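*Asks:* Below: one structure in structure tokens.
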Amino acid sequence: MVLLIASVLGIVLVYGAIVYYEAPGLIKRKLWRELAVFMLVVAAGLTLGITRVTGILYKCWVDLVGPVGKSISHLIGLI
């Protein structure tokens, strides 16, 4: 249990450090769209990381995201 809490805390701290490093520059340059995309990617990565560490997510994230990406690529005609 302690290892699980430490793992989750470590993931949150690493993602927090990344946001702390990247976000102020985006805010200073008023790159709001880039900030929104960055936060979306960070939120997705944080969610996947925590679910993977806690054991909620046993599959690889590619198995979950793959069908969505394939649908989008068919929709825009890449494949």
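The opening residue of the sequence shown carries number 5 in our numbering; numbering runs sequentially from there. Ideal Cβ placement from N, Cα and C applies to all residues, glycine included. Remember, it's a predicted structure, so these values are computed and weren't measured experimentally.
1. Measuring alpha carbon to alpha carbon, tell me which of 12, 75, 5 ends up nearest residue 55.
2. How is the alpha helix (DSSP H) around residue 43 delimited, first residue to last?
3. For the alpha helix (DSSP H) that contains residue 81, what are its first and last residues?
4. Among 69, 67, 20, 58, whose alpha-carbon lies nearest the alpha-carbon of residue 5?
*Replies:* With the given structure in hand:
1. For the purposes of this step, residue 55 is identified with residue 51 of the sequence shown, where counting begins at 1. Residue 55 has its Cα closest to that of 12, out of 12, 75, 5.
2. If you number the sequence shown from 1, residue 43 lands on position 39. That run of the alpha helix (DSSP H) goes 36-58.
3. By one-based count along the sequence shown, residue 81 stands at place 77. Run containing residue 81: none; DSSP gives neither H nor E here.
4. Indexing the sequence shown from 1 puts residue 5 at position 1. The option with the nearest alpha carbon to residue 5 is 58.
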